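Numbering (the UniProt record's numbering) for the sequence shown: 1 to 689.
Contents: one structure, followed by commentary.
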Amino acid sequence: MRDPRYDILFEPMQIGPVTAKNRFYQVPHCNGGGYRDPSAAAEMRGSKAEGGWGVIFTEQCEMHHTSEITPFIELRLWEDKDIPMLHKMSDKMKEHGALAGIQLAYSGVNGPNLYSKEVPLAVSAQPIRTFTNDPVQARALDKTDIKDLRRWFVNAAKRSKEAGFDLICLYGAHGFGIFQHFLSRATNHRTDEYGGSLENRARFVNEVIADMRDAVGDTMGITLRVSLDETIGDLGFSNAEVREFVEMNRNLPDLWDLAQGTWEDCSGPSRFKEEAAQHELVKGIHELTDKPIVGVGRFTSPDVMAKMIKTGTLDFIGCARPSIADPFLPKKIEEGRIEDIRECIGCNICVTGDMTMSISRCTQNPTFMEEWRKGWHPERMNVQGDSSNVLVVGAGPAGLEAARAAAERGYDVALAEAGTILGGRVARERHLPGLSAWGRVADYREYQLSQKANVESYFDSELDAESILEFGFENVCIATGSKWRRDGVSRQHVVPFATDAAMPLFTPDDLMDGATPTGHVVVYDDDHYYMGGVMAELLIQKGCSVTLVTPAAYVSEWTLNTLEQHEIHRRLATMGVNIELNRGITAIGKDHIETNCMFTDVKRPMECDGVLLVSSRLENNAVYNDLKAREAEWADAGIKSVKLIGDANAPGPIAWATYAGHRYARELDGVDIGDALPFRREITQLAVD
1 MRDPRYDILF EPMQIGPVTA KNRFYQVPHC NGGGYRDPSA AAEMRGSKAE
51 GGWGVIFTEQ CEMHHTSEIT PFIELRLWED KDIPMLHKMS DKMKEHGALA
101 GIQLAYSGVN GPNLYSKEVP LAVSAQPIRT FTNDPVQARA LDKTDIKDLR
151 RWFVNAAKRS KEAGFDLICL YGAHGFGIFQ HFLSRATNHR TDEYGGSLEN
201 RARFVNEVIA DMRDAVGDTM GITLRVSLDE TIGDLGFSNA EVREFVEMNR
251 NLPDLWDLAQ GTWEDCSGPS RFKEEAAQHE LVKGIHELTD KPIVGVGRFT
301 SPDVMAKMIK TGTLDFIGCA RPSIADPFLP KKIEEGRIED IRECIGCNIC
351 VTGDMTMSIS RCTQNPTFME EWRKGWHPER MNVQGDSSNV LVVGAGPAGL
401 EAARAAAERG YDVALAEAGT ILGGRVARER HLPGLSAWGR VADYREYQLS
451 QKANVESYFD SELDAESILE FGFENVCIAT GSKWRRDGVS RQHVVPFATD
501 AAMPLFTPDD LMDGATPTGH VVVYDDDHYY MGGVMAELLI QKGCSVTLVT
551 PAAYVSEWTL NTLEQHEIHR RLATMGVNIE LNRGITAIGK DHIETNCMFT
601 DVKRPMECDG VLLVSSRLEN NAVYNDLKAR EAEWADAGIK SVKLIGDANA
651 PGPIAWATYA GHRYARELDG VDIGDALPFR REITQLAVD
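Written as structure tokens, this is what we have:
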């Protein structure tokens, strides 16, 4: 039963000519599928409709072939052939009463057109701005181009209506949309009626919305997504000017969709951004317009959501990442099941799908983007198979998810943990700087397990092969995790390198176990994800002076994909960490290290008092190997299957571990598919010559 405090979240709300059934608004978000995997993306959006969202949007949809952002895989609405793909998506969105929205984007100065080979068109002639610094420039739109662009938006609006959508979002935020490019002095250098004053810079968006209203405005709501602050001072579209723009055009769209500055600013990870981080930027804007407002801020708490509405700050609760972590978030609030919400941890692993042009993942929700490909429902498991019980060895993220999901299927589950707490690596890493929210991975699963009568957890239970064979479980899942290597083997070195035993040597495990290095410590980061930067920050907090050495061109290079690399470097530099990029370590002496340039191999010594190696991890797979060696004894012990999963099988990010645990439970007692693909995919139809 719903708590009355949250009744306000379920009030219907008008958006132009259409009505949303509640205030839960899934804002546009990428998923790594786009035009390549339309059925996967459609089914994913459909799960959110079932989960109770009142408004559901697509990701960025390129509305014309003269502005596309290859290699990134988004949706496309270039011609009528694209309509059936998008109609399938809108149908799924509307199955349970949600409004279906499409985000139309013309990327302008952000569109290199590497696929279409068209000359990019932008508000002003400038180099193309992309994540990869493509060596391409855009030419300025002339008056004929602007007329064409207005017509293209109308064509896209008509196709959107034919594709079954209720709402159109015009993208002008995060630096990616042509509307922001017109509004911002950083990208609008024009001297005609489309440049100069704010009134002139707002002319184009006024014209497009007027054109669209004439074309589809009687049946479709038109929303405008704008940046709250470009965060580049007076040169850009500042928060003060945003407010002036809204007040000047108070009734321009049917809804204002407000999002902070760059994508990195707007979707910053929990390590650097708190829930409702954009509150100060959006506060008070409601007084400047008669139209409803949606804002974002990685909202996971129903109390914070309700406060945003009750204080008049927002009319809709905008969510991208929280809607991925739990597509059923609105329904759980409505049913009074707050404790069952899978809260987003803000790790941004979902964003990496878009950045790496691959199917997205979610650390909390392993079913994300597998709803169609594998038939995985975010809240319902497949029925129990022929066997009746499972022993899960190891209570890290993989083991916890395997136990939870197997119990959900109906199996009797015994969870054996060598330590005294659940969570494995998450239980340790949650105490590192900035990673406290990551503990939700363990908290959610620990609570779910506590509610199930068919699960027993055993602590201080470091099992060996002999004891496992004696227990008599039908299925054994080994999820014993991994540990950080002490020999530096990773990418630069495929074999251990010379190390003097007199030098104090540490790994992340040592620091998480309480080790306290002193003096000048060198962090050698050949892992390139978050751990090297986190360890450097931790050492500074412990009073050490720190030099971070990495063979990569960036600190924590892979975090470019999680939108936090810039902030990691800025924070470490601000804290006084000396950063050595494009340098490796070739030897560790008793009182120094020897570094080498990754391009010239020129070496130089560096004195230090200790070295912390963040290289790669070793699988803790000994008990599995022992069991495999005694496979002939399985049948007599009643064992039908033994499976190695998670970091014990192959170390990776936490999302890989929860996915492995979920997959294990889903496939337990499954039919052997042989060499068939374990997921569905779509193949491009061949054109008829």
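Note that beta-carbon positions come from the ideal geometry of N, C-alpha and C, so glycine has one too.
If you're wondering where the values come from, they're calculated on a predicted model, not measured in any experiment.
Test item: CB-CB of residue i and residue j under 7 angstroms
i       : j       : result
Gln-260 : Leu-281 : yes
Ile-209 : Leu-252 : yes
Val-642 : Leu-627 : yes
Leu-75  : Tyr-106 : no
Ala-655 : Ala-402 : no
Phe-328 : Glu-379 : yes
Thr-66  : Glu-11  : no
Ile-15  : Gly-221 : yes
Glu-474 : Asn-389 : yes
Glu-339 : Met-44  : no
Met-503 : Pro-71  : no
Glu-462 : Ala-418 : yes
Ile-56  : Met-93  : yes
Arg-373 : Phe-679 : yes
Leu-104 : Ala-156 : yes
Per DSSP, cross-strand counterpart(s) of residue i
i           : result
Gln-448     : None, per the DSSP bridge assignment.
Ile-540     : Beta-bridge pairing links Ile-540 to no other residue.
Pro-127     : Gln-137
residue 690 : Summary: the structure shown does not reach residue 690, with the chain confined to residues 1 through 689, and so no result is reported for it.
Cys-61      : Leu-75 and Leu-104
Arg-604     : Thr-595
Gly-295     : Leu-258 and Ile-317
Glu-43      : Looking at the DSSP assignment, Glu-43 forms no beta bridge with any residue, so it has no partner.
Gly-584     : Asn-596
Lys-483     : Leu-618
Tyr-171     : Arg-225
Ile-579     : Leu-548
His-520     : Ser-545
C-alpha distance - residue i paired with residue j, whole-angstrom precision
i           : j       : result
Met-63      : Arg-570 : 36 angstroms
Met-355     : Arg-139 : 26 angstroms
Ala-42      : Glu-68  : 21 angstroms
Ala-407     : Gly-385 : 12 angstroms
Asp-91      : Asn-133 : 38 angstroms
Tyr-447     : Ile-333 : 17 angstroms
Thr-352     : Thr-562 : 6 angstroms
Gly-196     : Tyr-25  : 35 angstroms
Leu-235     : Glu-247 : 20 angstroms
Ser-160     : Asp-211 : 14 angstroms
Val-494     : Met-535 : 23 angstroms
Leu-469     : Leu-581 : 50 angstroms
residue 735 : Ala-427 : No answer is possible for residue 735: the residues shown for the chain start at 1 and end at 689.
Gly-294     : Asn-578 : Checking the sequence shown, residue 294 turns out to be Val, not Gly. Going from the Cα of Val-294 to the Cα of Asn-578 covers about 42 angstroms.
Leu-170     : Arg-298 : 22 angstroms
residue 690 : Asp-214 : Within the shown structure, residues of the chain are numbered from 1 to 689, placing residue 690 beyond reach of any answer.
Trp-256     : Asp-315 : 10 angstroms
Ile-478     : Val-623 : 8 angstroms
Arg-663     : Asp-669 : 12 angstroms
Leu-539     : Thr-507 : 12 angstroms
Leu-391     : Gly-472 : 9 angstroms
Tyr-659     : Thr-363 : 8 angstroms
Under the three-state DSSP convention, the category residue i falls into
i           : result
residue 690 : Only positions 1 to 689 of the chain appear in the structure, and residue 690 is not among them; the question remains open.
Tyr-624     : helix
Lys-643     : strand
Lys-147     : helix
Met-369     : coil
Ser-387     : coil
Ser-545     : strand
Gln-14      : strand
Cys-347     : coil
Glu-619     : strand
Cys-30      : coil
Glu-68      : coil
Trp-53      : coil
Asn-206     : helix
Val-109     : helix
Gly-610     : strand
Residue i Cβ short of 6 angstroms to the ligand HEM heavy atom set
i       : result
Arg-190 : The ligand content of the structure shown is nil, which means the ligand HEM is not present either.
Inside the region 648-676 only - alpha helix (DSSP H) runs reaching at least 4 residues: 654-667
Within the region 413-458, ranges of the alpha helix (DSSP H) (whole runs, at least 4 residues): 425-429 and 440-450
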